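Remarks on the structure that follows.
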Amino acid sequence: MTSTSPDAPAPAVSANHTTSRGLSPRDLINVGVFAALYFVVTFVLNMVGFAGPAFMFLGFILGNLAGGTILALYVARVPKLGALTLLGLILGFAFTLTGHSAYMIIVSTLLGLLADAILVGFGALSRGRGLAQAKGKRVSTAFPLAYAVFSVSFVGAFIPLILNTEAYYQTISAQMGPEYAEAMAAIFQPWTVGVLAIGMFVLGLISGAIGVRVARKHFESAGLL
Numbered sequence: 001m002t003s004t005s006p007d008a009p010a011p012a013v014s015a016n017h018t019t020s021r022g023l024s025p026r027d028l029i030n031v032g033v034f035a036a037l038y039f040v041v042t043f044v045l046n047m048v049g050f051a052g053p054a055f056m057f058l059g060f061i062l063g064n065l066a067g068g069t070i071l072a073l074y075v076a077r078v079p080k081l082g083a084l085t086l087l088g089l090i091l092g093f094a095f096t097l098t099g100h101s102a103y104m105i106i107v108s109t110l111l112g113l114l115a116d117a118i119l120v121g122f123g124a125l126s127r128g129r130g131l132a133q134a135k136g137k138r139v140s141t142a143f144p145l146a147y148a149v150f151s152v153s154f155v156g157a158f159i160p161l162i163l164n165t166e167a168y169y170q171t172i173s174a175q176m177g178p179e180y181a182e183a184m185a186a187i188f189q190p191w192t193v194g195v196l197a198i199g200m201f202v203l204g205l206i207s208g209a210i211g212v213r214v215a216r217k218h219f220e221s222a223g224l225l
């Protein structure tokens, strides 16, 4: 019969999840909760675009900043391969149902898969560890990069503009009025989407870094990690 030395340190175990690699029922609940939270927050912030096409940039920036913290906590709660892929799939469907291009489903899912691969590739999710348990340097590098990639998924909404600009603005004119469509056309062209994607990627690196700090300090001290 073997015994354990009273002086031996106990292994650290997260209160919120095990080291199981698959998504558990509890993980799936968290996926739903955070998908709803991310969708509502970004959708509401992007509604500033109704004030005028130029305000869409403000909505993108605010949504990017808020999303970094939401996804940092999400990865901390569900540190499993496939979590960001599933989130991207759900968000793609959600945004499509609210009037965005169906390309959102494809783009969000693929970028979610790439974000998952980045986290695993950097070892941030190895052995089921979350943000509070993985090595700091791994998380500090991996999550901001993963989030920056994920945050570019909004480009899916503008793929119709890239493929057929004239038809896209005919649709916008029918939905928002000719004046809004004309003002938007003066700002958004295919090349604009590319520049905006690069800008959102860079901002995503910053937002992701902020998210790591918030998730590790505030949420861990609150006992949520």
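For the sequence shown, UniProt numbering assigns the number 225 to the last residue and increments by one with no breaks. All residues carry an ideal CB built from backbone N, CA and C; glycine is no exception. Just so it is clear, the structure is predicted and the values come from calculations on it, not from any experiment.
Which of helix, strand or coil DSSP assigns to residue i
{"i": "residue 79", "result": "coil"}
{"i": "residue 108", "result": "helix"}
{"i": "residue 53", "result": "coil"}
{"i": "residue 99", "result": "coil"}
{"i": "residue 68", "result": "helix"}
{"i": "residue 22", "result": "coil"}
Residue of the options minimising C-alpha distance to residue i
{"i": "residue 39", "options": "156, 95, 102", "result": "95"}
{"i": "residue 31", "options": "56, 47, 72", "result": "72"}
{"i": "residue 171", "options": "99, 203, 116, 139", "result": "99"}
{"i": "residue 47", "options": "37, 54, 59, 36", "result": "59"}
{"i": "residue 88", "options": "78, 80, 97, 105", "result": "105"}
{"i": "residue 192", "options": "161, 210, 92, 141", "result": "161"}
{"i": "residue 141", "options": "207, 93, 184", "result": "207"}
{"i": "residue 210", "options": "114, 156, 64", "result": "64"}
{"i": "residue 122", "options": "114, 138, 116, 115", "result": "138"}
{"i": "residue 78", "options": "216, 23, 145, 178", "result": "23"}
{"i": "residue 82", "options": "70, 203, 146, 69", "result": "146"}
{"i": "residue 86", "options": "178, 27, 213", "result": "27"}
{"i": "residue 180", "options": "68, 66, 51", "result": "51"}
{"i": "residue 67", "options": "154, 93, 114", "result": "154"}
{"i": "residue 202", "options": "118, 183, 150", "result": "150"}
CB-CB length for residue i against residue j, believed under 8 Å
{"i": "residue 143", "j": "residue 75", "result": "6 Å"}
{"i": "residue 205", "j": "residue 148", "result": "5 Å"}
{"i": "residue 102", "j": "residue 187", "result": "The Cβ separation is near 24 Å, so there is no contact."}
{"i": "residue 69", "j": "residue 215", "result": "7 Å"}
{"i": "residue 91", "j": "residue 35", "result": "6 Å"}
Can you list, in chain order, the stretches of the alpha helix (DSSP H) that have 4 or more residues and sit fully within the stretch 113–192? Taking only runs of at least 4 residues, the alpha helix (DSSP H) segments lying wholly in the stretch 113–192 are 136–151, 159–163, 165–176, 178–185.
Any chance the stretch 163–178 sits against the stretch 104–119, with 3 or more Cβ pairs inside 8 Å? Taking one beta carbon from each stretch, the stretch 163–178 and the stretch 104–119 have fewer than 3 pairs nearer than 8 Å; the two do not touch.
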